[in-house]
Structure formats: structure tokens, C-alpha cells
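Colleague: Can you read through this structure? Questions will come right after.
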Amino acid sequence: RVLRHNLRNEVDVVKSHAEQLDRDDEAVDPIIDAADRIASLGQQAHRIDRYVSETAEDVTVDLDAVVRSALETVEADEADVTVSAETPASATLTTNRRALVGALESVLDNAVSYAHSAVTVTIESRPDGYVVRVADDGPGIPDSELESLDAGTESPLQHSTGLGLWQLKWAVTTLNGELSFDTTKGTTVEIVVPDRAEERTVS
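Note that this note's numbering has the sequence shown beginning at 166, numbered continuously upward.
In C-alpha cells:
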């Protein structure tokens, strides 16, 4: 919390001073863009911390409604990407809503950011919950990024370029779900979201 607060304050200082510079200077926009990226890292770190350290009560959610709400948060129009969703008429389950929203926003934002022209979201029912698949026609997530996730840690020679995929990983872990990637053609991310009500029934 202290780190995020200090990051935000210092980023605001950088941006406010940069915005006072001559906007014709080619160095101004990169400074502001870098400050925005730093602020975004702070927000992502905060979300991950909440998944790991905070306890949230499970609630009943409409998965279709959560997916469509998450889609509204991504900038598909600005990215000139067509997003389509194929969902069942009813898709309710009991789960951690905060982690579910975080996982969906993370995977959708990544898909829209890197897709060439199209993103497809599908929801498929299964006995113990649902499977959410997000497919894009972009270049595919680099192997180095996925290797860091598989290893569960980062090293100087094996690391990701941000916290987006880590946010996705920890959110899915919080859901007791499963996460997989297929980069054969574009990127398809599959998230298995178990129904916590079913888990309690079985136990």
C-alpha cells in the first residue's frame, strides 16, 4: 500500500512537470507515457496483493454479465478491434467476484491490446463450473512470458514485461481455477472457473 501510494504521488509529480514543458519537444510524450505505465504497474500490484492477502466472501454471479461488463472496460473501439461473445443463456455460479473480474479484465485487455483485428470470447458449461476462452488473432504471447508464469518466479534471464499476466495467474489461483494458453495461432487463453457451491457440495 505504501509502495502504491508513493508511486502514484511521484508519478503525478513527473507528469505535472512534463506537461508544463514545450509540447513540441519530442521528449515530452514518452515521459508522460512512461509515467502512465508506472502508475498502471502500481494498480496491478495492488490488485494482486488483494487476491493474495484479502479474504472475500463467495457470491453468486452471472458469468455472462461479468464478461460483458469487463468488455466495457477495455478500449476495443480505440484499438479498432472487433470483439464478439458467445455465451449461454444462463451462466450462474458461486465464486470470488473480485478475482473473477480481475482475471477477465486482465485477459481481455491483453487480447484487445495485441489482436490484429478480432477477439472472440466464449463461455462453455461443464459439470463443475464453466470454461471461459478468449481468443485473439495477434502475434501470440512470447514463450519467455509464459515460461516465467510456469516457473512461478522471475529471474534476470527469464522474466515478463509487466504484471498483467501475473495478475491473471493470481486471480485464477484465487478462484481455485485452471489457466492455460495456446499460442499456435494467435493466442487463446482458457480459464476454468469452478463453481464453489459445487465444490462445497462434493466436500
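For every residue, glycine included, the Cβ atom is placed at its ideal position computed from N, Cα and C.
Quantities reported herein were computed from a predicted structural model and do not represent experimental measurements.
Let me check one thing: in DSSP terms, what residues is residue 409 bridge-paired to?
Modeller: Any property of residue 409 remains undetermined from this structure, which presents the chain solely from 166 to 368.
Colleague: Considering only residues of the same chain and omitting the five flanking positions on each side of residue 177, which have a CB-CB separation below 8 Å?
Modeller: No residues qualify anywhere along the chain.
Colleague: Could you work out which residue in 315, 229 and 239 is closest to residue 253 when comparing CA atoms only?
Modeller: Minimum Cα distance to residue 253 is reached at 229.
Colleague: Rounded to whole angstroms, what's the CA-CA distance from residue 349 to residue 282? Just pull it up for me.
Modeller: Distance between the alpha carbons of residue 349 and residue 282 is about 17 Å.
Colleague: Measuring CA to CA, which of 199, 235 and 224 is closest to residue 275?
Modeller: If we check each option's Cα against that of residue 275, 235 comes out closest.
Colleague: Answer yes or no: do residue 279 and residue 307 have a C-beta to C-beta separation smaller than 8 Å?
Modeller: Cβ atoms of residue 279 and residue 307: not closer than 8 Å.
Colleague: Near residue 264, what residues of its chain come up, given a Cβ to Cβ distance below 7 Å and the 5 sequence neighbours on each side ignored?
Modeller: Closer than 7 Å at the Cβ level, and outside the excluded window around residue 264, lie 216, 336, 339 and 340.
Colleague: Do residue 269 and residue 246 have their CB atoms nearer than 8 Å?
Modeller: Not in contact: residue 269 and residue 246 (Cβ atoms no closer than 8 Å).
Colleague: Have a look at residue 324 and residue 333 and give me their C-alpha separation to the nearest angstrom.
Modeller: Interpretation of residue 324 is limited by its pLDDT of 35, a score under 50 that renders its predicted location unreliable; the figure taken from the coordinates is listed afterwards. The alpha-carbon atoms of residue 324 and residue 333 are separated by roughly 16 Å.
Colleague: Just curious, the alpha helix (DSSP H) that residue 238 is in, first and last residue?
Modeller: Taken as a continuous stretch (DSSP letters only), the alpha helix (DSSP H) holding residue 238 covers 228-238.
Colleague: Can you tell me where the alpha helix (DSSP H) with residue 343 in it begins and where it stops?
Modeller: Not the alpha helix (DSSP H): residue 343 falls in the beta strand (DSSP E), residues 343-347.
Colleague: Reducing DSSP to helix, strand and coil, say where residue 199 ends up.
Modeller: Of the three classes helix, strand and coil, the one that applies to residue 199 here is helix, per DSSP.
Colleague: Quick one: grab the DSSP three-state call for residue 269.
Modeller: It is helical.
Colleague: Mapping DSSP to helix, strand and coil, what is residue 301?
Modeller: Three-state DSSP puts residue 301 in a strand.
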